[in-house]
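What follows is a short report on a single structure.
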Ligand code: DX5
Ligand code: ZN
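In my numbering, the protein residues as written are 1 to 218.
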């Protein structure tokens with residue numbers, strides 16, 4: 001059975017002065033999800049945007065909103081993210097002291113619960129929470145910035161995550177340095193959900209569709 005690959009453009013690399021228009025353009029170009037990188041300047045050394053911006057974008061889009069929280073205390077943001085219109089909320093394993101509690105809170109808000117793993121964090125950390133999550137995000141760069149280089153040694157971890165997931169209905173997402181060249185490596189290792197920022201938004205809008213198609217690989 002072939003599983004179609006979900007492409008989730010990260011608006012971190014979009015023109016922040018034209019975010020609503022940028023989202024519309026990638027939707028027309030074939031984006032499946034919209035990836036929203038929320039950064040607090042503490043967990044990662046960069047600030048991006050939060051719930052008020054997401055709520056504004058929600059007014060003009062019916063796409064699946066995929067929030068990736070790179071923040072020190074994600075528990076405090078879950079209700080805000082739900083109210084802003086997020087469909088999925090992914091938290092970092094490294095920022096959650098009580099991961100089971102955080103994941104339960106996301107599920108109680110009827111959002112898909114995801115866990116992101118920094119490059120040095122092993123997938124085995126998720127063994128005991130697999131039945132409560134709907135997404136594993138394997139970071140293929142150190143989080144915080146767009147435009148970084150894909151860390152090739154993580155391909156093996158994507159394979160391990162695929163093995164751990166088994167038959168469970170869990171998205172296996174990768175994020176960081178995904179391009180036309182690196183996407184096939186991630187897909188071959190078992191990823192079915194690719195986040196891409198620069199590789200899409202660095203192009204002119206009339207090239208978004210061809211960029212998405214090239215990353216999807218068909
Ligand atoms: C990195 C973010 C990514 C980032 C990806 O911390 O989580 O979503 O926007 O950007 P590219 O695709 O440019 O590596
Ligand atoms: Zn991200």
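Yeah, the Cβ is synthetic: ideal placement off N, Cα and C, and Gly gets one too.
Just to confirm the assignment, what range does the alpha helix (DSSP H) spanning residue 80 have? 78-84
Taking a contact to mean a Cβ-Cβ separation below 9 angstroms, would you say residue 51 touches residue 81 in this structure? yes
Beta carbon nearer than 5 angstroms to a non-hydrogen atom of the ligand ZN: 37, 68, 175
Residue 26, enclosing alpha helix (DSSP H) - first and last residue: 19-28
What does residue 64 pair with, by DSSP beta-bridge criteria? 33
How many whole angstroms separate the CB atoms of residue 135 and residue 117, which I take to be in contact at a CB cut-off of 8 angstroms? Wrong, their Cβ atoms sit about 11 angstroms apart, outside the cutoff.
Tell me the DSSP secondary structure of residue 101 in three-state form. helix
Buried or exposed: residue 193, going by 16 or more other Cβ atoms within 10 Å of its Cβ? buried
Alpha helix (DSSP H) containing residue 156: first to last residue? 155-165
Verify the contact flag: residue 212, CB atom, against every heavy atom of the ligand DX5, threshold strictly below 8 angstroms. no
Buried/exposed call for residue 13, threshold 16 Cβ in 10 Å: buried
Own chain partners of residue 47 with C-beta closer than 8 angstroms, once the 5 adjacent residues on each side are dropped: 39, 40, 41
Given this structure, state the Cα-to-Cα distance separating residue 56 from residue 173, to the nearest angstrom. 26 angstroms
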